[in-house]
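Numbering (this note's numbering), first residue to last: 252 to 496.
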């Protein structure tokens, strides 16, 4: 985990005041202020949130409490073959296991993933739970086919990108379906930050799918799973049928 000294030094390098960093990390100004003054012991999730924000803005954390501005990198590579989606899931958890954070999917239709091995998906969910990785998904309006708990979804009439993509950390992955699934992953902080800002702007304006507020919240004490996803869809279908009748 990063240290208090690194947080202060990173803020100075980026010319961020405490209020700006606290807002970006989703914590209170008071929390950041007391943390930087070493008044209280920082919580792990707070440090992860701060680290994720600072790294997304180009900070590299070094041993012995050092920090520096990361040189802009641009790595592009392709994943293809029958296990391409499983390899992508492994890449997500490998990239985010130190910082946690959300994977942001834009334009996904999860019916395309039903052929993925259940054991591989459950392994991904367990790793996500371990590393505090979440998901947000923008899907087509009217689509109720959810693998995750429905609270993770928002509806949009038209996607802001015609190519399905996912953003996680400094990475942006583009999905191409024909003739078989191929993924092109771009590792570049500026590109990821651009797509993340686009996603967040769309998310804020998107529609919460009707009636999901009637569902039981997900139990966050245990990992999600394919079985829990199927149960949640069944529960949602019953709610929708009652509303139609």
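Every residue gets a Cβ at the ideal spot worked out from N, C-alpha and C, and that includes glycine.
For residue 394, no beta strand (DSSP E) encloses it, and the DSSP letter there is neither H nor E. Contact between residue 359 and residue 388 is confirmed by a C-beta separation of about 6 Å, below the 8 Å threshold. Excluding five sequence positions before and after residue 335, the CB atoms of its chain that fall closer than 7 Å to its own CB belong to 432, 433 and 434, given in chain order. For the pair residue 428 and residue 393, the Cα-to-Cα distance works out to about 22 Å.
The Cβ-Cβ distance between residue 279 and residue 373 does not fall below 8 Å.
Closest in alpha carbon position to residue 418, among 395, 430, 391 and 385, is 385.
In the DSSP assignment, residue 388 is bridged to 356 and 404. Across the structure, residue 371 and residue 283 are spaced so that their CA atoms are roughly 38 Å apart.
With contacts defined as CB atoms closer than 8 Å, residue 414 and residue 425 qualify as a contacting pair. Of the other Cβ atoms in all chains shown, fewer than 16 fall within 10 Å of the Cβ of residue 493; this residue is therefore exposed. With respect to the 8 Å criterion, residue 275 and residue 318 are not classified as neighbours on the basis of their beta carbons.
Closest by C-alpha distance to residue 406, out of 364, 368 and 357, is 357. Note on the stretch 332-376: whole alpha helix (DSSP H) runs with a minimum of 4 residues are 335-347, in chain order. Secondary structure in the stretch 425-493: the beta strand (DSSP E) runs of 3 residues or longer, each lying completely within the stretch, are 433-438 in chain order. With a contact defined as Cβ atoms closer than 8 Å, residue 452 and residue 423 miss out at about 16 Å.
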